[in-house]
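Only one structure is covered here, and it is reproduced in the block below.
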Amino acid sequence: MDVKSSLLSSIEEVLDKMAFMFFDESEPPEAEPDDFPFITEVDTRGVIVGKLNVLVTETSAREIARNLIGIRDDEELYPETLEDALREFTNLVMGRTMTILNPAGPFDMDVPRLVSHPAPREVGRVLLTINGALDDEPFQMMLQYEEQQAAA
Amino acid sequence: MSKTIGLIDDSRVMRSILRKSILMNNVQVDEFLEADNGQEGYEMLSGHSNELDIAFVDLHMPRMSGVEMLRRLRTEGIQSVPIVIVSTSADLEMQKTCMDLGAVGFIRKPFTPQDIGTLITKIFGVGVPA
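As given, the protein sequences belong to chains A and B, one line each in that order. In this text, residue positions in the first sequence follow numbering that gives the first Met the number 0: the first is 0, and each later residue adds one. In this text, residue positions in the second sequence follow numbering that gives the first Met the number 0: the first is 0, and each later residue adds one.
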């Protein structure tokens, strides 16, 4: 499976199994950078040497956090809980992508972090951008990885 | 009978997900004992081995990995707590190592609440423990 298919498979599996949400790449809603107040970032080493950014709307961020952790709509969702949930979500997506690409291979990932902007394009790295709809909300992932991974 | 369940994972969110998944399976829980790193988890398992009915242990944690924890517990003869390893890894060799060291189950992230229910049922016998 190539990198894009692996990332798509991973996001669909994580959303389906743990957040009970649906991702559709076929008709991405139009989105502006301001639509994504929550951006996570994680660096990886292993079958992919690179960096993943996940961009979500506020509505999606809250939905992901509530569904992952099991917080009811009438319960308060604290900002630090929301951010922790998005970090864990990113960790799950990237980790699963790595194991789809190389099931037995060791890999290393930093702790995901919240950032204000996606990482700038790095020379010598492939940029893979996936746009889609997450339960009708715009959703974007940007994966930059070292060139030799393009044939993975 | 209510269960005392150990959750050892450096991610607070993952411990919450495990808690939610266990409770969604109608397991009657007396208490969740939690640790956020391998060393504290090891001490918790050592000190509460007679109270814990099962423990879910992350494979990759700061201060002590899940494998190292299993190895130490085995060396010290503390094997009364059924331990389920939780990991993103799909490495069959790693799974075998964990099982050889005494783990009773291995669950790969991402998992569903049903996956947790199936595992608990398997470990405690027929039917979800009451």
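Don't be surprised by glycine CBs; every beta carbon is placed ideally from N, CA and C.
Exercise. Between the beta-carbon of VAL41 of chain A and the beta-carbon of MET93 of chain A, is there less than 8 angstroms?
Worked result: Residue numbering aside, residue 41 of chain A sits at position 42 when the first sequence is read from its first letter. Residue numbering aside, residue 93 of chain A sits at position 94 when the first sequence is read from its first letter. The Cβ-Cβ distance between VAL41 of chain A and MET93 of chain A falls below 8 angstroms.
Problem set entry | Contact with chain B by ASP152 of chain A, beta-carbon distance below 8 angstroms | Here chain A comprises residues numbered 0 to 151, so residue 152 of chain A is not present and cannot be evaluated.
For this session: Compare the C-beta of LYS19 of chain B against all C-beta atoms of chain A and say whether one is closer than 8 angstroms.
Result: Your numbering for residue 19 of chain B matches position 20 in the second sequence. Closer than 8 angstroms: yes.
For this session: On a CA-only basis, which of A:ARG61, A:ALA84, A:ASP83, A:SER9 is nearest ARG73 of chain A? Give me that one, please.
Result: As a first step, residue 73 of chain A is located in the first sequence; it is residue number 74 there, counting from the start. Residue identity differs from the one stated: residue 73 of chain A is Asp in this sequence, not Arg. Sorting A:ARG61, A:ALA84, A:ASP83, A:SER9 by C-alpha distance to the C-alpha of ASP73 of chain A places A:ARG61 at the top.
Exercise. Can the beta-carbon of VAL53 of chain A be found less than 8 angstroms from the beta-carbon of MET140 of chain A?
Worked result: Here residue 53 of chain A refers to the residue found at position 54 when the first sequence is read from its first residue. Here residue 140 of chain A refers to the residue found at position 141 when the first sequence is read from its first residue. Yes. Within cutoff.
Exercise. Nearest CA to the CA of ASP57 of chain B: which residue from B:GLY40, B:ARG73, B:ASP90?
Worked result: Here residue 57 of chain B refers to the residue found at position 58 when the second sequence is read from its first residue. The shortest Cα separation from ASP57 of chain B among B:GLY40, B:ARG73, B:ASP90 belongs to B:GLY40.
Exercise. So is SER79 of chain B buried or exposed if we call it buried at 16+ other beta carbons inside 10 Å?
Worked result: Reading the second sequence from its first residue, position 80 is the one you call residue 79 of chain B. Around the Cβ of SER79 of chain B, a 10 Å sphere holds fewer than 16 other Cβ atoms; the residue is exposed.
For this session: Spatial neighbours of ALA150 of chain A within its chain, please: CB distance less than 7 angstroms, with the 5 preceding and 5 following residues excluded, ordered by chain position.
Result: Counting from one through the first sequence, the residue named residue 150 of chain A turns up at place 151. Residue placement at ALA150 of chain A is flagged as unreliable, the pLDDT there being 45, under the threshold of 50; a coordinate-derived value is accordingly withheld.
Problem set entry | Beta-carbon contacts of GLU57 of chain A that lie in its chain and below 6 angstroms, excluding the five residues immediately before and after | Position 58 of the first sequence holds residue 57 of chain A. Residues PRO36 of the same chain have their beta carbon placed closer than 6 angstroms to that of GLU57 of chain A, with the five preceding and five following residues left out of the count.
Exercise. By the criterion of Cβ-Cβ separation under 9 angstroms, what are the contact partners of LEU91 of chain B in chain A?
Worked result: The residue labelled residue 91 of chain B in the question sits at position 92 within the second sequence. Near LEU91 of chain B (Cβ distances below 9 angstroms), the residues of chain A are PRO102, ALA103.
Exercise. Residues of chain A with CB under 7 angstroms from VAL56 of chain B, in chain order?
Worked result: Here residue 56 of chain B refers to the residue found at position 57 of the second sequence. For VAL56 of chain B, there are no neighbours in chain A by C-beta distance under 7 angstroms, as the nearest C-beta there is about 17 angstroms away.
Problem set entry | Per-residue burial, TYR144 of chain A [other beta carbons within 10 Å of its own, 16 or more giving buried] | Locating residue 144 of chain A in the first sequence gives position 145, counting from the first residue. Buried.
Exercise. Could you give the residue range of the beta strand (DSSP E) that holds VAL83 of chain B?
Worked result: Walking along the second sequence from the start, residue 83 of chain B turns up at place 84. Where VAL83 of chain B is concerned, the enclosing beta strand (DSSP E) stretches over 82 to 86.
Problem set entry | Bridge-paired residues (DSSP) for ILE53 of chain B | Walking along the second sequence from the start, residue 53 of chain B turns up at place 54. In the DSSP output, where bridge partners are listed per residue, ILE53 of chain B has B:ILE4.
Exercise. In three-state terms, what does DSSP make of LYS108 of chain B?
Worked result: In the second sequence, counting from the first residue as 1, residue 108 of chain B sits at position 109. It is coil, neither helix nor strand.
Exercise. Name the chain B residues that come within less than 8 angstroms of ILE63 of chain A, Cβ to Cβ?
Worked result: Position 64 of the first sequence holds residue 63 of chain A. Those within 8 angstroms of ILE63 of chain A in chain B number zero; the least Cβ separation is about 11 angstroms.
Exercise. Smallest Cα separation from ALA103 of chain A: which of B:ILE106, B:THR87, B:PHE31?
Worked result: Within the first sequence, the letter at position 104 stands for residue 103 of chain A. Nearest C-alpha to ALA103 of chain A: B:THR87.
Exercise. Which residues mark the beginning and the end of the beta strand (DSSP E) in which ARG112 of chain A is found?
Worked result: Numbered from its first residue, the first sequence carries residue 112 of chain A at position 113. 112 to 114 is the extent of the beta strand (DSSP E) around ARG112 of chain A.
For this session: Could you list which residues in chain B have their beta carbon closer than 8 angstroms to that of GLY131 of chain A, in chain order?
Result: Here the question's residue 131 of chain A lines up with position 132 in the first sequence. The premise fails here: GLY131 of chain A is roughly 18 angstroms from chain B at the closest Cβ pair, so nothing lies under 8 angstroms.
Exercise. Under the rule that 16 or more other beta-carbon atoms within 10 Å means buried, what is VAL114 of chain A, buried or exposed?
Worked result: The sequence position of residue 114 of chain A within the first sequence is 115, counting from 1. By the neighbour-count rule (16 or more Cβ atoms within 10 Å), VAL114 of chain A is not buried but exposed.
Problem set entry | Pair within 8 angstroms by beta-carbon distance, GLU33 of chain B and ARG62 of chain B | In the second sequence, residue 33 of chain B corresponds to position 34, counting from 1. In the second sequence, residue 62 of chain B corresponds to position 63, counting from 1. Against a cut-off of 8 angstroms, the Cβ pair of ARG62 of chain B and GLU33 of chain B comes out as no contact.
For this session: Kindly provide the ranges of any beta strand (DSSP E) runs that are 3 or more residues long and lie completely inside the stretch 25 to 102 of chain A, ordered along the chain.
Result: Within the stretch 25 to 102 of chain A, complete beta strand (DSSP E) segments of at least 3 residues are found at 37 to 44, 49 to 55, given in chain order.
Exercise. Since PHE106 of chain A contacts ARG44 of chain A with CB under 8 angstroms, what's their CB separation in whole angstroms?
Worked result: Counting from one through the first sequence, the residue named residue 106 of chain A turns up at place 107. Counting from one through the first sequence, the residue named residue 44 of chain A turns up at place 45. Yes, they are in contact, since the Cβ atoms of PHE106 of chain A and ARG44 of chain A sit about 7 angstroms apart, within 8 angstroms.
Exercise. Using a C-beta to C-beta distance shorter than 7 angstroms, which residues of chain B count as neighbours of MET17 of chain A?
Worked result: If you number the first sequence from 1, residue 17 of chain A lands on position 18. Correct list: ILE16, PRO109.
Problem set entry | Closer than 8 angstroms to chain B by CB, ALA151 of chain A | Counting from 1 along the first sequence, the entry for residue 151 of chain A is found at position 152. Bear in mind that the predicted position of ALA151 of chain A carries a pLDDT of just 45, short of 50, making it unreliable; the figure below should be weighed with that in mind. The beta-carbon of ALA151 of chain A is placed no less than 8 angstroms from the nearest beta-carbon of chain B.
Problem set entry | is_contact[THR87 of chain B, chain A] using C-beta, thresh 8 angstroms | Residue numbering aside, residue 87 of chain B sits at position 88 when the second sequence is read from its first letter. Chain A, which has a Cβ nearer than 8 angstroms to the Cβ of THR87 of chain B, makes this yes.
Exercise. Span of the alpha helix (DSSP H) holding ASP99 of chain B?
Worked result: Residue numbering aside, residue 99 of chain B sits at position 100 when the second sequence is read from its first letter. ASP99 of chain B -> alpha helix (DSSP H) spans 91 to 99.
Exercise. By how many angstroms is the C-alpha of GLU75 of chain A removed from the C-alpha of ILE16 of chain B?
Worked result: As a first step, residue 16 of chain B is located in the second sequence; it is residue number 17 there, counting from the start. As a first step, residue 75 of chain A is located in the first sequence; it is residue number 76 there, counting from the start. Each residue's alpha carbon lies about 17 angstroms from the other.
Problem set entry | Nearest-angstrom Cα separation, counted from ILE70 of chain A out to MET93 of chain B | For the purposes of this step, residue 93 of chain B is identified with residue 94 of the second sequence, where counting begins at 1. For the purposes of this step, residue 70 of chain A is identified with residue 71 of the first sequence, where counting begins at 1. If I take the Cα positions, the gap works out to 33 angstroms.
For this session: Return the CA-CA distance between GLU26 of chain A and LYS121 of chain B, expressed in angstroms with no decimal places.
Result: Taking the first residue of the first sequence as 1, we reach residue 26 of chain A at position 27. Taking the first residue of the second sequence as 1, we reach residue 121 of chain B at position 122. When rounded, the distance between both Cα atoms is 42 angstroms.
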